[in-house]
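Take 1 as the starting number for the sequence shown in UniProt numbering and just add one per residue.
All C-beta atoms, glycine included, are put in the ideal place defined by N, C-alpha and C.
Input: a single structure, listed below in structure tokens.
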Amino acid sequence: MRILTGAKGQVGQSLKQQKPEHWEIIAADSTTLDIAHAQAVDNMLQNFEPDVIINAAGYTDLEAAEDNKDKVFAVNAEGMRNLAAAAARHNVRFIHISRDYVFDGKKQLLCQI
1 MRILTGAKGQ
11 VGQSLKQQKP
21 EHWEIIAADS
31 TTLDIAHAQA
41 VDNMLQNFEP
51 DVIINAAGYT
61 DLEAAEDNKD
71 KVFAVNAEGM
81 RNLAAAAARH
91 NVRFIHISRD
101 YVFDGKKQLL
111 CQI
């Protein structure tokens, strides 16, 4: 079984449509799973015991992002961390789908980690 986060987004919807027929997918979106809350993520993994988490979730409204920086960070940074940490704790494979809109390779990075 696979858990797909961001299931109502453009990438998530495409993944649901293109999935192999034999895949069982639990489709989660922001109304069914708040990935910014670690306990909610952990509970979902305990309840469904997936083999794989595919993270297509992300705050993608660039115009609204400027006014909602805390929400953007909660979803795009803390949410990804929560999913990755829960996957590691439960020994579940984790696939994170990133966007290239901000760092498309044409401009210098804002910072290096």
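Starting from V52, trace the beta strand (DSSP E) both ways and give me its first and last residue.
-> Element bounds for V52: 52-55.
Using 8 Å as the threshold, is the region 8-26 in touch with the region 48-64, meaning 3 or more CB pairs across them?
-> In the pairwise beta carbon analysis, the region 8-26 is classified as touching the region 48-64: at least three pairs are separated by under 8 Å.
Euclidean distance between Cα positions of A38 and G79 = 8 Å
To which residues does DSSP link H96 through a beta bridge?
-> N55
Quick one: give me the first and last residue of the beta strand (DSSP E) that L4 is part of.
-> Residue range 2-5 is occupied by the beta strand (DSSP E) that includes L4.
Sub-8 Å separation of R93 and D34 beta-carbons | No, these two residues do not count as a Cβ contact at 8 Å.
Count the other C-beta atoms from every protein chain shown that fall within 10 angstroms of the C-beta of R89, then say buried if there are 16 or more, exposed otherwise.
-> With fewer than 16 other CB atoms across the displayed protein chains lying within 10 angstroms of its CB, R89 is exposed.
R2: which of A27, Q18, Q17, E21 sits nearest, CA to CA?
-> A27
Quick one: residues in its chain with C-beta nearer than 8 Å to the C-beta of Q46, no 5 flanking neighbours on either side, listed in chain order?
-> H90
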